[in-house]
Amino acid sequence: MIIRFVNIVISGTLLLCNIGCAKQETENKSMDMNIKLTWTVITNMVGGESSCRAAFTIQNNANQTLGNSGWAIYYSQSPRDITNAPDAKATIKHISGDWFTIIPTQSFSLAPKEQVTVHYDLSHYLIKETDAPLYPYIVHYDNNGNETSFSRITDYKILPFVKPEQINRGPDDVVTIPSSESRYQENEKLSLLPENVSHKIIPTPVSITSPAGTLELSATLQIHYSADLLSEAKYLQQMLQVITGTKFTMLEKDYTEGRAIILQTEPMSVNGITTESYVLDISSTSGVSITGSDPAEFFMVYRV
């Protein structure tokens, strides 16, 4: 009987422990899911060593008070030096790289449905939403500082940049703030380039001539290639089949006459450069000829 009683007491203790741990984990997760976080730039017109003033607003939508210990919020942002307000309820710290944290101060206490705004200064201006903090998450700790749970803060909002002091890079910024009107005025200055100035091939060749005539890509154009260009010939054949739906014949032999696609390598110098050079010749009578200083250049030509 004594043995049985001991077993019951131990089992009951384990059961209470499991219930308590599960309850604590549930409460932590509940708290995690009920934090609303908002961030905004107040101004980029801060004097002294700082350039920007921003603010986080933390709102507690949970059913329990968020106290001054046992939690921290982490997020990513481009590196900045941080200056906190002396009376702030929480402090912003730069850990390393793009990793930052928000830690409660001793005076922090946020009851359910309440919110607090934490102001702080940064060493460089922030002018676009891409400069804002990203991927915030909250971590809970026990009394010994050990992590007990963490989760994303999904209710996170970056307030829009709408005021000049939020968009300009300090008081001396003379760049016009983009608007529909300013873009229209800039686009009015655009004009089409004449045919002899614009280039149809990018990167722009050293030289280009455009004789009259057309060339139809069809299966009648056989691919003639030298032995060192087998891979390049196969790749071109695959590309042409995708484009035209036709499989072009490949021949490892020298070109003699008629229209064909010719792949060959030979020493050449273009503006004194003997490597990474090629000549592309498209003719309505002889077909396509690609001559490169080495096999690697053919893949550059295929992109043209």
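Add 12 to a position in the sequence shown, counting from 1, and you land on the number used in my numbering.
We put the beta carbon where it would ideally sit given N, CA and C, even for glycine.
Run of the alpha helix (DSSP H) containing L146, from where it starts to where it stops: Here L146 belongs to no alpha helix (DSSP H); instead the beta strand (DSSP E) covers 146 to 153.
Residue range of the unbroken alpha helix (DSSP H) whose run includes S63: That residue, S63, is in no alpha helix (DSSP H); it is neither H nor E in DSSP.
Classification of L205 by the beta-carbon crowding that lies within 10 angstroms, buried from 16 upward: exposed
Own chain, CB closer than 6 Å to F17, minus 5 neighbours either side, in chain order: Note that F17 has pLDDT 35, beneath the 50 cutoff, so the model's placement of it is unreliable and the number below is only indicative. Contacts found: none.
Proximity to L49 [Cα-Cα], best of C64, G60, Y86, M57: Y86
C-beta atoms of E278 and T258 nearer than 8 Å: no
Beta-carbon contacts of I179 that lie in its chain and below 7 Å, excluding the five residues immediately before and after: I139, F173, I189
Residues near G82 in its chain [Cβ-Cβ closer than 8 Å; skip 5 each side]: H152, Y153, D154, N155
Nearest-angstrom beta carbon gap, I104 and Y132 [assumed within contact, 8 Å]: 5 Å
Residues near M251 in its chain [Cβ-Cβ closer than 6 Å; skip 5 each side]: none
Of the residues A123, N96, A67, the one placed nearest N75, counting alpha carbons only: A123
Residues sharing a beta bridge with S163, DSSP: I150
DSSP bridge partner residues for S88 (one or two, in chain order): W111, L146
Boundaries (first-last residue) of the alpha helix (DSSP H) holding A123: Per DSSP, A123 belongs to no alpha helix (DSSP H) and is neither H nor E.
Closer than 7 Å: D154 CB and nearest the ligand HEM heavy atom: Ligands in the displayed structure: none, and consequently the ligand HEM is not present.
Rounded separation between S108 and E200 - CA only: 46 Å
Minimum C-alpha distance to F120 - residue among Q89, F112, I70: I70
Backbone CA spacing between L146 and S88 [nearest angstrom]: 5 Å
Cβ contact (3+ pairs, closer than 8 Å) linking the segment 212 to 224 and the segment 255 to 274: no
Beta-carbon proximity check, S161 vs R92, cutoff 8 Å: no
Cβ neighbour criterion (16 or more within 10 Å) applied to I235: buried
A66 classed as buried or exposed, judged by whether at least 16 other C-beta atoms fall within 10 angstroms: buried
Contacting residues, own chain, Cβ-Cβ under 8 Å from S289 (five flanking each side not counted): M280, S281, V282, G304, S305, E309
Where the beta strand (DSSP E) containing A245 begins and where it ends: Taken as a continuous stretch (DSSP letters only), A245 belongs to no beta strand (DSSP E), being part of the alpha helix (DSSP H) at 242 to 256.
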